[in-house]
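Data first, discussion second: the structure below is written as structure tokens.
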Amino acid sequence: MTSKTFRMPAARLLAAALCGAMTPASIHAQATPALAYTHADSLRGSITPQRAWWDVVFYDLDVHVHPEDSTLTGRVGITYRVTGPKAEMQIDLQQPMVLDSVVQDGQAVRLREDGNAYFATLPKAQRVGSRRSVTVYYHGRPRVAKNPPWDGGLIWRTDSLHRLWVATAVEGLGASAWWPNKDTQADEPDSQRVRITVPEPMIDVSNGRLRRTTHNADGTATYEWFVVNPINNYDVAVNAGGYAHFSQVYHGERGPLTLDFWPLSYHLDTARVQFKQVVPMLACFEHWFGPYPWYKDGYKLVEAPHLGMEHQSAVAYGNHYGNGYLGRDLSGTGLGLAWDFIIVHESAHEWWGNSLTSKDAADEWIHESFANYAENLYEECQHGKAAGAAYVIGTRARVKNDVPIIPAYGVNAEGSGDMYYKGGNMLHTIRQIVNDDDRWRGILRGLQATFRHQTVTGKQIEDYMSAHAGVDLSRVFAQYLTTTKIPVFEYRRNGDTLAYRWGDVVPGFDMPLRILVGSGAEALGTLIHPRTEWQSMRFQGDSITVDPNFYVIARDVTAGAAAKPDSGKTPAAGSGSGVSMTPITAGQSRVPASRRSSAIASSWDMPTR
Ligand SMILES: [Zn+2]
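Position one of the sequence shown corresponds to residue -13 (the working numbering), numbered consecutively onward.
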């Protein structure tokens, strides 16, 4: 998803004590109001006993879309493997949708309703290891998206030619807003059929490949799409409207990859120009991340009546065929105006979010921090390393440090929107620690190869990166993901002795840091290893600067040094004196961070449709 804001958690703010659902991750939260999660949040966000005993193998989704009254009718075949002793079967379908029946072996089974979850009692034995299926019948008028893609649901629109245009966007809200399923990111089917029936002449573009189009006698058409890979359920999408189509073949790391583009028909010529950016995007991301994850399902861009969404193998596009983020640059440097933010960011999710999917929404940083980081790698691919660094450093002005990036687990909670810019800067900082671009690229590609097409925990990602960086990064992740504090590099000078330590950090924080001693051409970069205790070193020179690629605050605590406030958002090293180590790129903003923040705040709230 794109980075205007983050989704509202279902939980409500309360002054009450922590509830039982809070986890160790949330205990790190500083100055964070206690969040009280509901029974419904736990049903939605945890692996309940009624979810734990079966593993989804295949969803066979068959939905009729009725724009005339904004309703859906459908059925879903759920094929599953029995992995443990049978309990009730939890099937999620959000109100006001109505689950009509669940049928197994030709017999309707008993149902118990609990809010947005239904519990089916399957009378037949469910032998462990066996493969079984149920069919779920349902209908209703699904929630209408209030502000898609961030506050999602069904989108019922008409285009400029007054033709019907219908789409889904349900990240965070959940796929169960419009079709019944096991609504957790932890369980993906191995494959999925998506049959969508719409009134003629609408064309539906969903995920995977189109296998069949049937023109029905009642004036509708059925589009049968098939995804041959695991897919997270929020990525399954309807895009139905007056589309045109063109295609090309990209020759990538795994051979020929089909690229299919579905603009609204009157945008065909514009799309042919704007979508040329897809090929350099794929080339850049295959270089850094490894092969595009879905050669068998292909790559698609589909024009959508919302800004954009990472719908797997059918990326939703609504950036009005312009560069930047709706014509703006999120980094404040101007660099982001050279490319189409939605093509770059949402496509990056094919690797980060779709191929590697977080099991729990609390680890959504795996999706957004890496997708944000991918933006600066794309800038680097286009305009060089310094430009990429300037872009990611520029986005620090958007970091709020309001609440930790990782919220509570098990309740479908999503953390701070800082998972975008702060998360991207955390990864950029880790690259500096690794200090070897070949190794860094190997880590990114290795993550993709190791966890390809899997659901993962944040800890798996963190542990892999530590193991392959050759540095224990656990406290770095803890600092940036579970607290709202930016590490403060405190230093003081006394003659030719420099004393230094980390402040405002988690216990044992020991992140290496590159400092620059001296100024101008004489300056020397040194990698030092501050800890929370004071250490000292000899130095010569009249100034010390922290490498601005490290997302830290530098504070000169020498007696008599001017005390300057640190916001944690400043692109360079806070109050550090001296010059920046990173060349200022042409076009980079020199507006002070404090002023840039307010300028961004006003554009931040701009409605995006
Ligand atoms: Zn995103």
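Even glycine gets a Cβ: it sits at the ideal position worked out from N, Cα and C.
Integer Cβ distance of residue 407 from residue 358, believed to fall under 8 Å: 6 Å
Validate contact between the stretch 244 to 255 and the stretch 215 to 223 using beta carbons, cut 8 Å, 3 pairs: no
Any non-hydrogen atom of ligand 1 within 7 Å of residue 354 CB: yes
Nearest neighbour of residue 323, chosen from 96, 377, 438 [CA to CA]: 377
Alpha-carbon spacing of residue 545 relative to residue 479, whole angstroms: 9 Å
Selection from 76, 255, 355, 233 that minimises the alpha carbon distance to residue 105: 76
Limits of the alpha helix (DSSP H) - the one that residue 431 falls within: 423 to 436
Residues bridged to residue 90 (per DSSP): 93
Per DSSP, cross-strand counterpart(s) of residue 523: 484
Pairwise C-alpha distance: residue 73 and residue 113: 12 Å
Where residue 517 sits in the DSSP three-state scheme: coil
Proximity test, residue -12 beta-carbon vs ligand 1 heavy atom, cut-off 7 Å: yes
Residue 345 versus 201, 215, 158, residue with shortest Cα-Cα distance: 158
Of the residues 307, 267, 332, the one placed nearest residue 299, counting alpha carbons only: 332
Through-space distance from residue 101 to residue 93, alpha-carbon basis: 24 Å
Beta-carbon proximity of residue 191 to residue 225, cut-off 8 Å: yes
Sequence-distant residues of the same chain with beta carbon closer than 6 Å to residue 461, five excluded per side: 492, 494, 495
As assigned by DSSP and simplified to three states, the class of residue 329: helix
Cβ-heavy atom distance, residue 292 to ligand 1, below 7 Å: no
Spatially closest choice to residue 295 from 268, 321, 276, 338, by CA coordinates: 338
3 or more residues per run - each beta strand (DSSP E) lying fully within the stretch 302 to 375: 342 to 344
Range covered by the beta strand (DSSP E) that runs through residue 179: 177 to 185
For residue 46, the first and last residue of its enclosing beta strand (DSSP E): 40 to 52
Contact set for residue 15: own chain, Cβ-Cβ below 7 Å, skip 5 residues either direction: With a pLDDT of only 39 at residue 15, under the threshold of 50, the placement of this residue in the model should not be trusted; the figure read from the coordinates follows. Contacts found: 389, 390.
Residue of 90, 372, 336 minimising C-alpha distance to residue -13: 336
Those residues which DSSP pairs with residue 198 across a bridge: 210
Residues bridged to residue 286 (per DSSP): 246
Residue 164 vs residue 53 beta-carbon contact at 8 Å: no
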